[in-house]
Structures are given as structure tokens and as C-alpha cells.
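Novice: Using this note's numbering, read the sequence shown as starting at 5 and increasing by one per residue.
Quick reminder that beta carbons are idealized off the backbone N, C-alpha and C, glycines included.
Since this is a predicted model, take the numbers as computed values, not measurements.
My structure is below; once you've seen it, I'll send some questions.
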Amino acid sequence: MRAPLQNAEPNSNRHLANKTVHVKSYGCQMNVYDASRMGDVLAPLGYVNDPDMFAADLVILNTCHIREKAAEKVYSELGRLRVEKESRADSERPMVIAVGGCVAQAEGEEILRRAPYVDMVFGPQTYHRLPLMLRTLAQRGEAVVDTDFPADDKFDALPDVQPDGAAAFLTIQEGCDKFCTFCVVPYTRGAEFSRPVDPVLREARLLAGKGVREITLLGQNVNAYHGDNGNGDELTLGRLIRKLADVEGIERIRYTTSYPAEVDDDLISAHRDVPALMPYLHLPVQSGSDKILKAMNRRHSSGDYKDIVRRLRDAQPDLALSSDFIVGFPGETDADFQATLDLVQSVGFVQAYSFKYSPRPGTPAADMDDQIPEAVKSARLQLLQDLLNRQQIAFNESCVGRDLPVLFDRPGARPGQLVGRSPYMQAVHADAPADRMGEIITVRIDRAKPNSLSGTIRPIGADASSNAKREVVA
Ligand code: SAH
Ligand code: F3S
Numbered sequence: 005m006r007a008p009l010q011n012a013e014p015n016s017n018r019h020l021a022n023k024t025v026h027v028k029s030y031g032c033q034m035n036v037y038d039a040s041r042m043g044d045v046l047a048p049l050g051y052v053n054d055p056d057m058f059a060a061d062l063v064i065l066n067t068c069h070i071r072e073k074a075a076e077k078v079y080s081e082l083g084r085l086r087v088e089k090e091s092r093a094d095s096e097r098p099m100v101i102a103v104g105g106c107v108a109q110a111e112g113e114e115i116l117r118r119a120p121y122v123d124m125v126f127g128p129q130t131y132h133r134l135p136l137m138l139r140t141l142a143q144r145g146e147a148v149v150d151t152d153f154p155a156d157d158k159f160d161a162l163p164d165v166q167p168d169g170a171a172a173f174l175t176i177q178e179g180c181d182k183f184c185t186f187c188v189v190p191y192t193r194g195a196e197f198s199r200p201v202d203p204v205l206r207e208a209r210l211l212a213g214k215g216v217r218e219i220t221l222l223g224q225n226v227n228a229y230h231g232d233n234g235n236g237d238e239l240t241l242g243r244l245i246r247k248l249a250d251v252e253g254i255e256r257i258r259y260t261t262s263y264p265a266e267v268d269d270d271l272i273s274a275h276r277d278v279p280a281l282m283p284y285l286h287l288p289v290q291s292g293s294d295k296i297l298k299a300m301n302r303r304h305s306s307g308d309y310k311d312i313v314r315r316l317r318d319a320q321p322d323l324a325l326s327s328d329f330i331v332g333f334p335g336e337t338d339a340d341f342q343a344t345l346d347l348v349q350s351v352g353f354v355q356a357y358s359f360k361y362s363p364r365p366g367t368p369a370a371d372m373d374d375q376i377p378e379a380v381k382s383a384r385l386q387l388l389q390d391l392l393n394r395q396q397i398a399f400n401e402s403c404v405g406r407d408l409p410v411l412f413d414r415p416g417a418r419p420g421q422l423v424g425r426s427p428y429m430q431a432v433h434a435d436a437p438a439d440r441m442g443e444i445i446t447v448r449i450d451r452a453k454p455n456s457l458s459g460t461i462r463p464i465g466a467d468a469s470s471n472a473k474r475e476v477v478a
């Protein structure tokens with residue numbers, strides 16, 4: 005039974021005072037960015053964030069479709085929400101359940117068939133229309149599905165960004181035209197689209213004005229960026245990074261996720277010339293076997309990848325690399341898998357994500373012959389992760405004794421402790437006064453753990469062995 009929705013009239017703040025929303029995000033950083041922008045869209049309607057999902061008036065599951073497990077999580081979470089929704093059906097505060105993100109985009113109406121108590125289904129390109137969806141839901145009292153790829157630019161319709169810390173994401177590019185044969189992203193996020201330069205710079209200035217020191221530029225294929233410069237010209241990612249580095253207050257720039265074949269000379273020279281561009285790069289390779297890379301439609305060989313890494317390291321010798329790997333792609337032999345291990349050995353990664361191949365309906369690889377048994381995938385994943393973990397630990401240990409500039413952006417588990425990020429994305433714990441939050445402080449690294457570092461903040465005047473431009477020392 006659908007809950008009554010008389011309180012959901014969005015244009016009336018009187019009714020909406022104290023309305024609460026909880027957005028739960030799955031998957032990639034783009035979803036994290038989208039979730040915060042949904043909050044920005046709903047704030048003018050009177051919605052405030054509720055950290056307790058089961059107490060919120062509006063619950064949005066911002067879903068991920070990349071692997072089967074990620075997609076299935078949505079339905080188990082919906083099952084739990086249904087119980088809460090039914091218990092509140094006749095109360096003053098009925099629950100509205102919305103499914104957004106890539107599962108919503110891929111499954112659309114199917115979600116309502118499997119979970120008829122869901123009120124709204126919307127894709128990653130329509131969340132700026134959330135107020136309209138809520139109004140339609142209130143007026144019609146029946147579920148709303150909006151999974152278009154609208155021609156208008158959703159970013160134009162979004163209100164000003166509201167960061168909540170010293171590090172923020174900034175989406176500059178969306179969608180993917182690469183069609184790797186295993187991947188759903190081109191279907192769920194649509195064709196490649198670059199935001200024009202001016203609104204990107206404006207958003208960066210806004211963020212900097214609100215205390216943001218580090219921005220991570222986001223795109224499914226971020227280095228395919230070619231944004232309109234307003235004068236008939238287009239900027240590459242490398243040239244955009246140079247402009248962003250000039251924004252007062254922005255001290256650190258990162259970008260993710262990049263595609264090897266789109267790493268161009270502009271980007272490589274930005275790594276050489278722009279001190280604010282952090283010496284850390286997530287550059288997915290997926291496999292070290294040329295046969296598998298071809299079957300994946302990756303448009304680069306393992307030799308190409310190594311060559312790109314060599315050129316990047318020539319430009320920025322301090323560069324630390326991270327990557328994504330898939331094991332057990334259809335047709336992957338022991339020799340193909342060994343080629344992946346060899347590539348990992350020869351490149352050296354400081355961090356990585358590795359996954360068992362998960363067949364996704366509608367993608368070419370799902371119909372390929374020679375699917376690999378689960379047990380083989382699991383064994384290969386274990387071997388690969390052991391090697392990657394060893395490399396990660398070795399890198400973390402090599403940081404002990406170094407002075408690293410750390411941007412502190414959250415409180416630590418203990419009182420008196422802050423946690424921040426090193427230039428290489430490691431979490432760094434140190435004792436520091438709470439009012440130093442949001443600053444970049446030089447830290448002498450004392451201890452390395454597999455997933456984090458800890459250290460001591462350095463006195464004023466101490467030198468950091470870093471290339472950060474304007475760091476603050478304690
Ligand atoms: N450019 C994208 C990357 C795609 S998804 C981005 O915006 O992050 C992230 C990673 O998930 C991929 O690099 C790949 O390693 C993994 N992945 C994608 N599809 C997969 C599948 N069907 N099975 C297993 N892993 C997958
Ligand atoms: Fe997916 Fe390949 Fe694009 S991994 S996001 S189709 S580059």
C-alpha cells in the first residue's frame with residue numbers, strides 16, 4: 005500500500021519545515037558527488053540531512069550497477085526499508101523511498117515490479133528534477149519514474165555547491181564512449197559530456213571560498229575532457245588543470261578516473277609543471293595480457309600502458325600509481341593471468357582495486373564463450389591481491405621518516421587526533437589541535453600500517469620533502 009504524501013508539496017516550506025532526507029550512496033566517487041548535489045537540490049525545499057536512514061522522511065538509495073553484488077545490495081536494502089515504511093504508513097511522517105543512480109537507470113520500471121513500495125526511480129542525469137518528481141508524486145499519489153537522458157545540462161539546473169570539508173569533488177566530465185566489453189557505464193551514464201570551462205572555474209572558486217583546499221576532478225573518463233572555453237576553443241584536462249591551479253585557495257588538484265589511451269602531452273606536462281597537481285594517479289589497466297585487453301576492447305596494450313607510465317614518470321619522478329584490475333575475464337588463461345602479475349611487478353602500484361569479473365546483462369563479454377569458473381577467479385584474485393598488498397605495504401613503509409604535507413580534513417578516532425591525506429592519498433593520523441582542521445601541515449611520518457600512516461606534526465620552519473606549493477607548517 006502506498007503511503008499518503010500530503011506533506012510532500014515542495015513549494016510550500018510551511019509543510020516542509022523539518023523534513024529530513026537520507027541519501028545512501030554505493031559505488032564510485034561520482035555517486036558520492038551526486039549524493040551531495042541531491043542534498044543541495046533538496047535543501048531549498050526544507051530538507052535537512054538525517055544520519056539515520058530509517059528515521060528519514062525521504063530515503064534515496066543512490067545505486068551502483070557495476071558488478072552484480074553491487075546491484076543486488078539495493079534489493080536487500082529495499083527489503084529492510086519496506087518494513088519501516090509499512091510501520092509508518094498511517095503515521096504523521098510516512099516514508100518516501102527513492103532509488104537513484106545506475107541501477108535505477110538500467111532497470112527503470114523493473115524496480116517497481118520487484119519492489120512496488122518504491123515511490124520514485126530516477127537516473128544519474130535527472131536528479132536536478134527531484135523537486136518536480138516530489139511534486140508529481142504528491143499530486144498523483146503514484147510512483148514516478150524519470151530515467152531520461154535530458155538534452156538540458158543538469159549542472160545548469162543545480163544550486164550552488166555546499167562543501168562540507170577541506171576536500172571536495174568537482175564533476176567536470178560524465179559518461180563514457182569507450183565501451184569496454186565488460187562495463188555497464190556507457191549504458192547507465194550515457195555518452196561522454198564535458199562541462200564548459202566557466203562553470204567549472206566558478207564552482208572551484210565557490211569551493212575555495214568556502215574553505216576547500218583540495219579538489220578532485222571527477223569523470224567516468226576524466227581525461228577525455230574537452231570543455232568549451234567560451235571562445236570557440238576547447239580545453240584539454242591538462243590545460244584546465246593549469247587554470248584551476250590559479251584559483252586562489254586551491255592548493256591541491258587530483259583527477260579520477262582516467263583512461264590510459266587518453267593520456268596526452270598536455271596532461272603529462274601538467275604533471276611536470278603544476279605543483280598543485282598531486283603526484284598520485286589512478287590509471288586503470290584491467291589486465292596485463294594483450295589478448296585479454298583486446299577482448300576487453302581496451303584500446304591499449306600492456307606495452308602502451310608501460311610506455312604511458314614511463315612518460316608520466318619522466319615528467320613527475322615522484323608519481324605514485326594506483327589501478328583497477330579484473331581477473332577471470334572470459335578466456336583468461338593461467339598465462340594471461342601471469343601477464344597481469346608481471347605487469348604489476350614491473351610497474352609497481354601503491355594502491356589498487358581488483359575485482360572478479362562479473363558478467364553484466366547486455367554487455368558483450370557476458371555472452372562470450374569460455375566464462376571462467378568462480379573458484380578459478382577467487383584463486384587468481386587472492387594471488388593478485390597478495391602481490392598488490394605487498395607493494396602497498398612496501399610503499400607505506402618507504403614513507404617512514406619522510407616529512408609529508410597532510411591536508412587534515414576529519415577528526416581522528418581519539419580526542420586530540422586529526423586525520424588527513426598525504427599527497428599520495430594515504431590516510432595520515434597525527435595529534436593536532438582541532439582548529440588546524442582544513443590546513444595543510446607538514447607531518448614527520450613515524451609509523452606505517454597497511455592502510456594508513458601516523459606521524460608527528462613538524463614545528464614552524466621545518467622543511468617538507470614535498471612539492472606542495474603553499475603549505476602551512478605547524
Ligand atoms: N572509468 C570508470 C571506471 C569504471 S568502473 C570510473 O569512473 O571509475 C570501475 C572499475 O570497476 C573498472 O575499472 C573495472 O576494473 C571494474 N569493473 C567494471 N565492470 C566490471 C565487471 N563487469 N566485472 C568486474 N569488474 C568490473
Ligand atoms: Fe567502463 Fe571502460 Fe568506460 S571501464 S567507464 S567502458 S573506459
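What would DSSP say about E255, mapped onto helix, strand or coil?
Specialist: coil
Novice: Quick check: the Cα distance between Q166 and P135, rounded to an integer number of angstroms?
Specialist: 18 angstroms
Novice: Tell me whether L162 sits in a helix, a strand or coil according to DSSP, three-state version.
Specialist: In the structure shown, L162 sits in coil (DSSP, three-state: anything other than H, G, I, E or B).
Novice: Less than 8 angstroms between the C-beta atoms of A299 and F333, yes or no?
Specialist: yes
Novice: Output yes or no for whether 8 angstroms exceeds the beta carbon distance between A60 and V25.
Specialist: yes
Novice: Measure the beta-carbon distance from P363 to A369 and round it to whole angstroms, keeping in mind my assumption that it falls under 8 angstroms.
Specialist: Taking C-beta atoms under 8 angstroms as the contact rule, P363 and A369 qualify, at a distance of about 7 angstroms.
Novice: Over what stretch of residues does the beta strand (DSSP E) that includes F359 continue unbroken?
Specialist: Q355 to K360
Novice: Please tell me whether, using a cut-off of 7 angstroms, the distance from the CB of P190 to the nearest non-hydrogen atom of ligand 2 is below it.
Specialist: yes
Novice: Going by DSSP, name the residue or residues bridged to K23.
Specialist: Y51
Novice: Skipping 5 residues on each side, what residues in its chain have a beta carbon closer than 7 angstroms to that of M137?
Specialist: M124, F126, V148 and D150
Novice: For D232 and M57, what's the separation of their Cα atoms in angstroms?
Specialist: 40 angstroms
Novice: Confirm the yes/no value for this check: CB of T261, any heavy atom of ligand 1, distance under 7 angstroms.
Specialist: yes
Novice: Specify the secondary structure class of G307 as computed by DSSP and reduced to three states.
Specialist: helix
Novice: Can you have a look at A472 and say buried or exposed, based on whether 16 or more other CB atoms are within 10 angstroms of its CB?
Specialist: Caution applies to A472, whose pLDDT of 40 falls short of 50 and renders its modelled position unreliable; the value that the coordinates give is listed next. With 16 or more other Cβ atoms within 10 Å, it is buried.
Novice: With a threshold of 7 angstroms, establish whether the CB of N35 neighbours any heavy atom of ligand 2.
Specialist: no
Novice: Based on Cα-Cα distance, which residue from G105, P55 and L62 lies nearest to G31?
Specialist: G105
Novice: Return helix, strand or coil for G352, following the three-state DSSP convention.
Specialist: When secondary structure is reduced to three states using DSSP, G352 falls in the coil class, being assigned neither helix nor strand.
Novice: Report the rounded CA-to-CA distance for R474 versus I445, giving the unit in angstroms.
Specialist: In this predicted model, R474 has a pLDDT of only 36, less than 50, meaning its place in the structure is not dependable; the value taken from the coordinates is given anyway. Near 10 angstroms, if we compare the C-alpha coordinates of I445 and R474.
Novice: Which whole runs of the beta strand (DSSP E) in the stretch 283 to 342 are 3 residues long or more, in chain order?
Specialist: 284 to 286 and 324 to 331
Novice: Within the 8 angstroms Cβ cut-off, does Y51 reach chain D?
Specialist: No chain D is part of this structure, which consists of one protein chain only.
Novice: Just the Cα atoms here: how many angstroms apart are D168 and R217?
Specialist: 12 angstroms
Novice: Can you tell me whether I70 is helix, strand or coil according to DSSP?
Specialist: coil
Novice: Between the stretch 210 to 225 and the stretch 172 to 184, can you find at least three pairs of beta-carbon atoms closer than 8 angstroms?
Specialist: yes
Novice: DSSP three-state call for Q129: helix, strand or coil?
Specialist: Coil, per DSSP.
Novice: For F173, which of helix, strand or coil comes out of DSSP?
Specialist: strand
Novice: Check whether the Cβ of I272 sits closer than 7 angstroms to any heavy atom of ligand 1, and report yes or no.
Specialist: no
Novice: Which two residues bound the contiguous alpha helix (DSSP H) that contains D390?
Specialist: Element bounds for D390: E378 to S402.
Novice: Mapping DSSP to helix, strand and coil, what is R6?
Specialist: With a pLDDT of 32 at R6, under the threshold of 50, the predicted position of this residue should be treated as unreliable, and no value is reported.
Novice: So, for Y51: in the same chain, excluding its five sequence neighbours on each side, which residues have a beta-carbon less than 6 angstroms away from its beta-carbon?
Specialist: K23 and V25
Novice: Whose C-alpha, out of A171, V351, V251 and S305, is nearest the C-alpha of R425?
Specialist: A171
Novice: Are the CB atoms of H286 and L323 within a distance shorter than 8 angstroms?
Specialist: no
Novice: Residue range of the alpha helix (DSSP H) that D44 falls in?
Specialist: Q33 to L46
Novice: Please report the residue range of the alpha helix (DSSP H) in which P135 lies.
Specialist: L134 to R144
Novice: For L297 and G366, I'd like the C-alpha separation in whole angstroms.
Specialist: 19 angstroms
Novice: At a cut-off of 7 angstroms, would you count N225 as near ligand 1, judging by its Cβ distance to the nearest heavy atom?
Specialist: yes
Novice: Whose C-beta lies closer than 7 angstroms to the C-beta of P8 among residues of the same chain, with five residues either side of it excluded?
Specialist: Here the model assigns P8 a pLDDT of 30, short of 50, so the residue's position is not dependable, and the following value carries that caveat. If we look at P8 and ignore the five residues flanking it on each side, its Cβ neighbours are P98.
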